[in-house]
Amino acid sequence: MEVGIVGKPNVGKSTFFKALTMIDAEIANYPFTTIKPNVGMAAVRAPCPCRELGVLCHPKNSVCVDGQRFIPVKAIDVAGLVPGAHEGKGLGNQFMDDLRMADALIHVVDISGRTNEKGEPATDHDPESDIRFLVDEIDQWFYGILKKNWHKITSKTKYNNKELLKEITEQLSGLEIKEYHVKEAIDSAGLAEKTEWSDGELLAFARALRDSSKPVVLAGNKIDLDAKKNYERLKDKYDITPVCAEAELALRQAHNAKVIKYLPGDIDFQILKEDLGEKQKAALNFIKTGILQKYGGTGVQKCINSAVYDVLKLIVVYPVENETRYMDSKGNILPDARLLPEGSTAIDLAYKIHTDIGDRFIGAIDCRTKKKIGRESVLKDGDVIKILTTR
Ligand SMILES: Nc1nc2c(ncn2[C@@H]2O[C@H](COP(=O)(O)OP(=O)(O)OP(=O)(O)O)[C@@H](O)[C@H]2O)c(=O)[nH]1
Ligand SMILES: [Mg+2]
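In the working numbering, the protein residues as written are 2 to 392.
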């Protein structure tokens, strides 16, 4: 699982990344601060079953704070992209290679309109134009890769639909593209019955393939800079989350310094330190009233959760080895939280844990009901499952 953070220069991608991962990334108020990508672990948030089951959990692959599970997801912060990048403008499209492994993208937009399309200071730039150009550039990158390989693909498959599907998947496997992405794209571009594709149809397919294999979540950053008007204008047209990456970073840093207690994604925090300076007090107060209360959080956690749960449609499942005490064999309670595609079955979970567990699968137990479930039983978000195997 990998989420790419993309956008034009100077919109706050590295600030967003730093807030997500707490890994130091260079942040500065000029374009192209980031050239080499920053890579780190972010986390998605989910309610941990520990509270409901009345147990004290011992997470191993994740973290639980106050009944909230934080499950690691890789994040990558890349260089900014300007219009015409696919023709070599700005840093060109070389950096897009850094996005090859991404399963979803978070597009950070400066919704305050205070940076132009090159990321330079501006007063009244329309963020809507950024929303369009960025995806267009990534689509063009996909198109370029497809076009380069197209002759080879079609001379081998002669547009036979089944073979085409296989060959495209194989040629583009380095972009984390799976056969179902290709199928979805052929169908949505209306090309299933075609025996030859025009150049325009290849571009339409490239766009559809980008959409299915690298879906985008929109983050309207710098909401603190008097951006409510732009947000109100765009929110009905686009599914855009109001974000203040700077506030999220400040909150997480203050939490780590034990100044406040704040859980990423919360809509409030608690002040722990009594002798706060006036400046810090005012800053925290602004975040509380001007961001958290006004927009229902800083939006950073919301974006990553949305990428994983709403866009990639993953669910969280907790495999255990003891169905009454919810432990693994070493006594760790609710040790692992696994992200699985919606619709995954008991056997899918078994194979995800280990090929050997999958091969020896004979059934599973839903630990909440203590009922046995079969191989093809579809798992639900938050399920606690014991897999039964032959010895
Ligand atoms: N007001 C405000 N400023 C922000 C916010 N997030 C980031 N910034 C500022 O925006 C500027 C650019 O931030 P970066 O995180 O370096 O932006 P970037 O998109 O990574 O930039 P490049 O790497 O150059 O493409 C810095 O001055 C940040 O402090 C925010 O939520 N609100
Ligand atoms: Mg950067």
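We treat Cβ as the ideally placed atom computed from N, Cα and C, and that holds for glycine.
Beta-carbon proximity list for residue i, same chain, < 8 Å, skipping 5 on both sides
i: K179; result: T170, S214
i: V56; result: R326, Y327, I334, L335
i: K387; result: P320, V321, E322, N323, E324, A365, I366, C368
Range covered by the alpha helix (DSSP H) that runs through residue i
i: H355; result: Run containing H355: none; DSSP gives neither H nor E here.
i: C51; result: 51-54
i: T170; result: 162-172
i: A43; result: From DSSP, A43 is part of no alpha helix (DSSP H) but of the beta strand (DSSP E) over 39-48.
i: V136; result: 128-158
i: K1; result: The structure shown does not extend to residue 1, since the chain is modelled only from 2 to 392, so the question has no answer here.
i: K303; result: 301-306
Residue i to residue j span [Cα, whole Å]
i: L135; j: D329; result: 45 Å
i: V83; j: I146; result: 19 Å
i: Y181; j: E377; result: 20 Å
i: K148; j: E343; result: 33 Å
i: S174; j: M97; result: 15 Å
i: L100; j: K230; result: 32 Å
i: E247; j: Y160; result: 50 Å
i: I132; j: I24; result: 27 Å
i: Q302; j: F143; result: 28 Å
i: T196; j: I28; result: 50 Å
i: V74; j: N62; result: 11 Å
i: G364; j: D337; result: 19 Å
i: V217; j: E129; result: 15 Å
i: V379; j: I348; result: 9 Å
i: D269; j: Q95; result: 41 Å
i: V183; j: A258; result: 47 Å
i: E177; j: T390; result: 32 Å
i: K331; j: I366; result: 19 Å
i: G221; j: I288; result: 16 Å
i: M2; j: E279; result: 42 Å
i: H87; j: D104; result: 21 Å
i: L92; j: S199; result: 30 Å
i: K371; j: S113; result: 52 Å
Nonlocal neighbours in the same chain, by C-beta distance under 6 Å from residue i, ignoring five residues either side
i: I187; result: A193
i: L400; result: Since the first residue shown for the chain is 2 and the last is 392, residue 400 is missing from the structure and cannot be characterised.
i: N323; result: none
i: G297; result: I268
i: L165; result: T158
i: Y263; result: L252, H256, F270
i: V260; result: K274
Residue burial classification, residue i (beta-carbon count within 10 angstroms, cutoff 16)
i: M42; result: exposed
i: Q294; result: exposed
i: T35; result: buried
i: G30; result: For the record, residue 30 in the displayed sequence is Asn; it is not Gly. Exposed is the call here.
i: R211; result: buried
i: K1; result: The question about residue 1 has no answer, for the chain in this structure spans 2 to 392.
i: E233; result: exposed
i: A80; result: buried
i: S307; result: buried
i: K9; result: buried
i: R52; result: exposed
i: K406; result: Limits of the chain in this structure are 2 at one end and 392 at the other, which puts residue 406 out of reach.
i: P48; result: exposed
i: G201; result: exposed
i: G191; result: exposed
i: G120; result: buried
i: G68; result: exposed
i: G375; result: exposed
i: T356; result: exposed
i: V66; result: exposed
i: R392; result: exposed
Unbroken beta strand (DSSP E) run spanning residue i, endpoints
i: Q69; result: 69-78
i: F362; result: 362-367
i: Y319; result: 315-321
i: C65; result: 64-66
i: I107; result: 105-111
i: T390; result: 385-390
i: K373; result: 372-374
i: P342; result: 339-342
Neighbourhood of residue i by C-beta distance below 7 Å, restricted to the same chain and skipping five residues each side
i: D78; result: I6, K14, S15, F18, A26, T35, P38, N39
i: T116; result: N11, V12, P122, A123, H126
i: N333; result: H59, K61
i: L21; result: A43, A76, V301, I305
i: A207; result: D140, F143, Y144, L147
i: P32; result: P10, N11, G81, K119, G120, E121
i: Q281; result: none
i: I72; result: A44, V45, A47, S63, V317, A338, L340
i: G291; result: D225
i: F362; result: I348, A351, R376, I388, T390
Every unbroken alpha helix (DSSP H) within the segment 214-289, with a cutoff of 4 residues, ordered by chain
229-235, 246-257, 279-287
Completely contained beta strand (DSSP E) runs for the segment 6-39, where each covers 3 or more residues:
none
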